[in-house]
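Inspection log for the structure reproduced underneath, given as structure tokens.
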DNA sequence: TATACTTACTTACATAAAGTAACCTTATTA
DNA sequence: TAATAAGGTTACTTTATGTAAGTAAGTATA
């Protein structure tokens, strides 16, 4: 007896996309195909988690991994159609954050201590 | 030196909304103000986490908590303007999930064992 | 009066996920 | 020969989540 009133597809979609880092990775890939280390630097995520999350997203059919056997090998991650279809979600999210999110004041960068 | 290329507001917004359960709670409250136990039942979330997450969201100015000193006391959670402003995000998310998410086949419900 | 019930939580504890740092492999360059 | 780079993996610590039981205030019931 399932008394949940939430659409199970919506629940599943949310679980995939709202997993820690997943949204930011997809958002980053909406800018175009990118290599592992580019994403790693852009998001300041650890290799361990990036690797894990890219595998998850590939498994969900959202991210595609292409190997270019150059030397040195180049591996590019990009979005599938399913991944690109998320663009409107992130567009609306960008609108919301730019209207409603204000940053905590961070201590002014001090070149001596930071 | 911050070499991250991601807009910090976007990052912060994502961190708030994509925290486990937060999205589903907001989505649920978009249907209208609701009491604790209604959300708990609808989402099948534990009281412990629901309580914690509602406090987070209240702290972020997304959720409002109203106490009606009836007997027994009634406490209603609802969205603030900031919370309501997330509606388009969830609308796009709903479109995406209905187009692209398919459910894993779950074992046919057996009234004797389930 | 004692017991039980309801809502809205909180506490205690086990498990899972995330974060951090060091290491690996293949190849390239100094 | 040593150092550097990409794309990871392994080992370990910390934090978050899940689960179950307990609490407090206010009825309602026996």
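Protein chains in written order, with the working numbering: chain A, 1 to 114; chain B, 1001 to 1114. For every residue, glycine included, the Cβ atom is placed at its ideal position computed from N, Cα and C. Keep in mind the model is a prediction, meaning the values are calculated, not measured.
Counterpart residues of residue i in DSSP-defined beta bridges
i, result
"residue 1079 of chain B", "B/1063"
"residue 1034 of chain B", "B/1077"
Residue of the options minimising C-alpha distance to residue i
i, options, result
"residue 57 of chain A", "A/69, A/37, A/86", "A/86"
"residue 62 of chain A", "A/29, A/71, A/37, A/72", "A/29"
"residue 47 of chain A", "A/94, A/25, A/15", "A/25"
"residue 1082 of chain B", "A/92, A/53, A/99", "A/99"
"residue 1034 of chain B", "B/1092, B/1027, B/1076", "B/1076"
"residue 36 of chain A", "A/18, A/71, A/55", "A/55"
"residue 19 of chain A", "A/94, A/60, A/66", "A/60"
"residue 1027 of chain B", "A/11, A/45, A/84", "A/11"
8 Å contact criterion, which residue i and residue j should meet: CB distance rounded
i, j, result
"residue 1049 of chain B", "residue 6 of chain A", "Wrong, their Cβ atoms sit about 15 Å apart, outside the cutoff."
"residue 38 of chain A", "residue 64 of chain A", "About 16 Å separates the two Cβ atoms, so there is no contact after all."
"residue 92 of chain A", "residue 1092 of chain B", "5 Å"
Whether residue i touches residue j by CB criterion (9 Å)
i, j, result
"residue 21 of chain A", "residue 1088 of chain B", "no"
"residue 103 of chain A", "residue 1009 of chain B", "yes"
"residue 199 of chain A", "residue 1101 of chain B", "As shown, chain A starts at 1 and ends at 114. That puts residue 199 of chain A outside it, with no answer to give."
"residue 90 of chain A", "residue 23 of chain A", "yes"
"residue 51 of chain A", "residue 66 of chain A", "no"
Contact list for residue i against chain A, beta-carbon separation under 7 Å
i, result
"residue 1023 of chain B", "14, 18"
Cross-chain neighbours of residue i in chain B, by beta carbon under 9 Å
i, result
"residue 71 of chain A", "Ordered by position in chain B, no residue passes the 9 Å Cβ test against residue 71 of chain A, which lies about 27 Å from the chain."
"residue 103 of chain A", "1008, 1009, 1012"
Where residue i meets chain B, residues with beta-carbon distance less than 7 Å
i, result
"residue 5 of chain A", "1042"
"residue 98 of chain A", "1009"
"residue 82 of chain A", "1100"
Neighbouring residues, chain A, relative to residue i (Cβ below 8 Å)
i, result
"residue 1089 of chain B", "89, 92, 93, 96"
Contact list for residue i against chain A, beta-carbon separation under 9 Å
i, result
"residue 1086 of chain B", "92, 93, 96, 100"
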